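Novice:
In UniProt numbering, the protein residues as written are 1 to 301.
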């Protein structure tokens, strides 16, 4: 079929996709051209053409900055915690919801666990402050009963676990949607065959449900790795002052404070560019591993 004929055939679909493609181009790919700032002593008033070209100097000063390495370490710690403690939660919740026999009860539970996703981080942090803060419900209860209050919201050592707990509460339920769809796509005949063969609830999960979900789990893990160095800019920015930059500074906040606040545009852009390159390498490596495991991954070989 000629190209123009294919174009005419798919015209309605292309029109539907066009707004999303335009937004993606304008707000994702066009701004990538600004990465050239990483190699310049950029001054906004001078622009790209008149700012001095400094080559790798911004990267050299970045690597010599202890604050940058502290931000990298904090980012990796939070990423690891969220991969280990957060990523499995939607999978387990989806399996649990799939076992609920009563439709009304299932819809009620889904509505309850989906709701926090629609709340902003400002509200989420405020709720945790009201519960776990110095004057929160928990500490008031402890003080009333003569016990020592716990300073969870201002404890640097507990901050990373606190971030993970907030992320689980906010988005753990919402993440079940795609895994529930994966479970729904599994043929009921497979469960019937497994039951006839004597498989119990665990056996059906291990030999039917989990293999059926594996392609989606691998795909979501690859996408999560690609976004793993973005560990919640707004969430952390709202709580950074309470625990200090030593515990809360991550790559995103490092870029923000160095670029927008302090005006070190070149250094901040260099940090952001490095983060993007590492994220790309993580996606490519995870996708390669998925191919070796027999899965399709994000794209075909």
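Glycine included, C-beta positions come from ideal geometry on N, C-alpha and C.
As the structure is a computational prediction, the values presented were derived from the model and not from experiment.
Give me the DSSP bridge partner(s) of residue 53.
Specialist: Residue 53 is bridged to 40.
Novice: I need the DSSP call for residue 230, collapsed to helix, strand or coil.
Specialist: Coil, per DSSP.
Novice: Exposed or buried, which one is residue 108 when buried takes at least 16 other CB atoms within 10 Å?
Specialist: Exposed, since its Cβ has fewer than 16 Cβ neighbours within 10 Å.
Novice: Am I right that residue 253 and residue 37 are in contact with their C-beta atoms under 8 angstroms? What's the rounded C-beta distance?
Specialist: Actually they are not in contact, since the Cβ atoms of residue 253 and residue 37 sit about 19 angstroms apart, beyond 8 angstroms.
Novice: Is residue 171 helix, strand or coil when you go by DSSP?
Specialist: Three-state result, residue 171: helix.
Novice: Should residue 171 go down as buried or exposed, given a rule of 16 or more other Cβ atoms within 10 Å for buried?
Specialist: Buried, by the Cβ-count rule.
Novice: Is DSSP giving residue 262 helix, strand or coil here?
Specialist: Note: residue 262 maps to coil in three-state DSSP.
Novice: Determine the direct distance from the alpha carbon of residue 100 to that of residue 70, and round the result to whole angstroms.
Specialist: C-alpha separation (whole angstroms): 45 angstroms.
Novice: Can you tell which of 59, 29, 185 has the C-alpha that lies nearest to the C-alpha of residue 39?
Specialist: Checking every option, the nearest Cα to that of residue 39 belongs to 59.
Novice: May I have the straight-line CA-CA distance separating residue 79 from residue 192, to the nearest angstrom?
Specialist: Rounded to whole angstroms, residue 79 to residue 192 spans 39 angstroms at the Cα level.
Novice: Apart from the five residues just before and just after residue 5, which ones in its own chain have a Cβ nearer than 6 angstroms to its Cβ?
Specialist: Taken in chain order, the list of residues that qualify is empty.
Novice: Could you have a look at residue 296 and say whether DSSP puts it in helix, strand or coil?
Specialist: Looking at residue 296 - three-state DSSP - the assignment turns out to be coil, as it is neither helix nor strand.
Novice: Is the distance from the Cβ of residue 175 to the Cβ of residue 116 below 8 angstroms?
Specialist: Not a contact, by the Cβ cut-off of 8 angstroms.
Novice: Leaving out five residues before and five after residue 43 in sequence, what residues of the same chain have Cβ atoms less than 7 angstroms from its Cβ?
Specialist: Around residue 43: 51.
Novice: Looking at C-beta atoms only, is the number of pairs between the stretch 232-245 and the stretch 6-17 that lie closer than 8 angstroms three or more?
Specialist: No contact exists between the stretch 232-245 and the stretch 6-17.
Novice: What distance in whole Å lies between the Cβ atoms of residue 150 and residue 142, which are believed to be in contact at a cut-off of 8 angstroms?
Specialist: Indeed, because the Cβ distance is near 7 angstroms, the residues count as touching under 8 angstroms.
Novice: How far does the alpha helix (DSSP H) with residue 157 in it extend, from its first residue to its last?
Specialist: Looking at the DSSP string, residue 157 is not in any alpha helix (DSSP H), and its letter there is neither H nor E.
Novice: Can you give me the Cβ contacts of residue 233 inside the same chain, cut-off strictly under 6 angstroms, excluding the 5 residues immediately before and after it?
Specialist: For residue 233, where only same-chain residues beyond five positions count, the Cβ hits under 6 angstroms are 252.
Novice: DSSP on residue 249, reduced to helix/strand/coil?
Specialist: Looking at residue 249 - three-state DSSP - the assignment turns out to be coil, as it is neither helix nor strand.
Novice: Classify residue 288 as buried or exposed, calling it buried when 16 or more other Cβ atoms lie within 10 Å of its own Cβ.
Specialist: Label assigned to residue 288: exposed.
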